[in-house]
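Read the structure below first, then the notes.
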Amino acid sequence: MKVLISYILILGTLNACKNDDASTTPDVSGSHIKHFGFTLVDTHWDDPTDSETKSNYADEIHTFSNLADILVANPSDDLVQRAHNFKDLELKAILHLNELFFELVDANSPSGTNYNLRADYEERWNTFNFINHSILNANYIGALYIGEEPTWNGITFSELNNVAQLIKAEKPTIPLLVIEAFPSLNDLQVPELIDWIGFDRYFVRDPNINTDYQEDWKTLQSKITNPSQKIMVIMDSHYIDWAHGGFGNIDVREMGEVANNYYKLAKSDKRVIGILGYFWPNGFDTPESIGARGMPSNVKSEYERIGKELTGKNN
Numbered sequence: 000m001k002v003l004i005s006y007i008l009i010l011g012t013l014n015a016c017k018n019d020d021a022s023t024t025p026d027v028s029g030s031h032i033k034h035f036g037f038t039l040v041d042t043h044w045d046d047p048t049d050s051e052t053k054s055n056y057a058d059e060i061h062t063f064s065n066l067a068d069i070l071v072a073n074p075s076d077d078l079v080q081r082a083h084n085f086k087d088l089e090l091k092a093i094l095h096l097n098e099l100f101f102e103l104v105d106a107n108s109p110s111g112t113n114y115n116l117r118a119d120y121e122e123r124w125n126t127f128n129f130i131n132h133s134i135l136n137a138n139y140i141g142a143l144y145i146g147e148e149p150t151w152n153g154i155t156f157s158e159l160n161n162v163a164q165l166i167k168a169e170k171p172t173i174p175l176l177v178i179e180a181f182p183s184l185n186d187l188q189v190p191e192l193i194d195w196i197g198f199d200r201y202f203v204r205d206p207n208i209n210t211d212y213q214e215d216w217k218t219l220q221s222k223i224t225n226p227s228q229k230i231m232v233i234m235d236s237h238y239i240d241w242a243h244g245g246f247g248n249i250d251v252r253e254m255g256e257v258a259n260n261y262y263k264l265a266k267s268d269k270r271v272i273g274i275l276g277y278f279w280p281n282g283f284d285t286p287e288s289i290g291a292r293g294m295p296s297n298v299k300s301e302y303e304r305i306g307k308e309l310t311g312k313n314n
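For the record, in the sequence shown the residue sitting at position 125 is 124 according to numbering that gives the first Met the number 0, with numbers rising by one throughout.
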């Protein structure tokens, strides 16, 4: 869910800052949106802006979220207790499985980081599945995120499809998630076994009327290969002054408005299954970045309002 900042620096003035064109977005009730949550919740990232050592923020989002991510770094990672902790907070986990299946080999990809499918990917999956078998089901897992911006990072359709086939043969009830970087959307090929698809483009005030975003949105919709596939909306929930302020002309206090615009987008298409905010803690991507955790109180109140409305966690 991360597009390289250097790429955005080059294209920012050309793409992210185009004038938003007036248009009408159809509205529906939003009852089709089943999930709301944030990324970098349990991924070994310690927010550098506070004085405590903390890398699991589930306790901060659980009252208004039902999805959060967990990073898998090695086949031997034991996630059982972490998944149980999530369940106790009425959260389901999105597992990052990129490192389980793929390895960085060279710079020959659009992003400059080219990943290949590991020769021992089946063995690594079998090890991980054996250790975590008790929680690898829909009671604990919301989705398996099987490739990090695959086309952008050099992962081929065949490689992605091999992973999807391997997992679905054993875990048919767990959704498989793919999020692509916007520069590679045209080249994205989605295996039919993928359940949820999405893309990331940031620094946009209103995705409903931004020309570039809408072009990407339509491209994503055209990539659906199975009528049962759903869309995961990646909401911009972080703030970088030179990017959001400089390119997007967005003040940090206006990020609540941005969140509501993503909510409106999600309600406009009944294929949308959820909204996932990128990201929760501070200091990721660049040291000065503000995550949803560090937003002004009026912005955080909007996240909570939207999340409670979608998850039903109103107590």
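Ideal Cβ placement from N, Cα and C applies to all residues, glycine included.
Everything numeric in this text was worked out from a predicted model, so none of it was measured.
- Message: Let's test the definition: count the other Cβ atoms within 10 Å of the Cβ of Met-183 and tell me whether it reaches 16, buried, or not, exposed.
- Response: In the sequence on display, residue 183 carries Ser and not Met. Ser-183 is buried by the Cβ-count criterion.
- Task: Would you mind stating whether His-95 and Leu-70 have Cβ atoms separated by less than 8 Å?
- Result: yes
- Task: Counting only the same chain and skipping the five closest in sequence on each side, list residues whose C-beta sits under 6 Å from that of Gly-276.
- Result: Counting only Cβ-Cβ distances below 6 Å, and skipping sequence neighbours, we find Phe-37, Met-234, Ser-236 and Ala-291.
- Message: Within a Cβ cutoff of 7 Å, which residues of the same chain sit near Ile-130, ignoring the five residues on either side of it in sequence?
- Response: Ser-75 and Asp-77
- Task: Determine the burial state of Trp-241: buried for a count of at least 16 other Cβ atoms within 10 Å of its Cβ, exposed for fewer.
- Result: exposed
- Task: Apply the 10 Å Cβ neighbour rule to Asp-87 and answer buried if 16 or more other Cβ atoms are within range, or exposed otherwise.
- Result: exposed
- Starting from the Cα of Ala-106, find the closest Cα among Leu-99, Phe-100 and Asn-115 and give me that residue. Asn-115
- Query: Mind checking Thr-150: buried by the 16 CB within 10 Å criterion, or exposed?
  - Reply: buried
- Leu-309 and Ile-32 closer than 8 Å at C-beta: yes
- In angstroms, rounded to a whole number, what distance separates the CA positions of Ala-142 and Tyr-201? 23 Å
- Item | Own chain partners of Thr-318 with C-beta closer than 7 Å, once the 5 adjacent residues on each side are dropped | The question about residue 318 has no answer here: the residues shown for the chain are numbered 0 through 314.
- Query: If you drop the 5 nearest sequence neighbours on each side, which residues of the same chain put their C-beta closer than 6 Å to that of Lys-167?
  - Reply: Leu-192
- Message: Restricting to Cα atoms, I'd like to know which of Gly-306, Ser-227 and Asp-250 is closest to Arg-270.
- Response: When Gly-306, Ser-227 and Asp-250 are compared, the shortest CA-CA separation from Arg-270 is found for Ser-227.
- Between the Cα of Ala-92 and those of Val-104, Tyr-120, Trp-124 and Asn-55, spot the shortest distance and give me the residue it belongs to. Measuring from the Cα of Ala-92, the nearest candidate turns out to be Asn-55.
- Label Ser-22 either buried or exposed according to how many other C-beta atoms from any shown protein chain fall within 10 Å of its C-beta, with 16 as the threshold for buried. Caution applies to Ser-22, whose pLDDT of 35 falls short of 50 and renders its modelled position unreliable; the model cannot decide the point.
- Task: For the segment 168-175 and the segment 206-220, state whether three or more C-beta atom pairs, one from each stretch, are separated by less than 8 Å.
- Result: no
- What three-state label does DSSP hand Asn-131 in the structure shown? Asn-131 carries a helical assignment under DSSP once its states are collapsed to helix, strand and coil.
- Task: Entirely within the segment 56-127 and at least 4 residues each: give me those alpha helix (DSSP H) ranges in chain order.
- Result: 57-60, 79-87 and 97-100
- Within the segment 223-281, note down every full alpha helix (DSSP H) run reaching 4 residues or more, in order along the chain. 254-266
- Query: The beta strand (DSSP E) spanning Tyr-197 covers which residue range?
  - Reply: Reading the sequence as shown, one finds Gly at residue 197 and not Tyr. First-last of the beta strand (DSSP E) with Gly-197: 195-199.
- State the DSSP-derived secondary structure class of Thr-285, mapped to helix, strand or coil. coil
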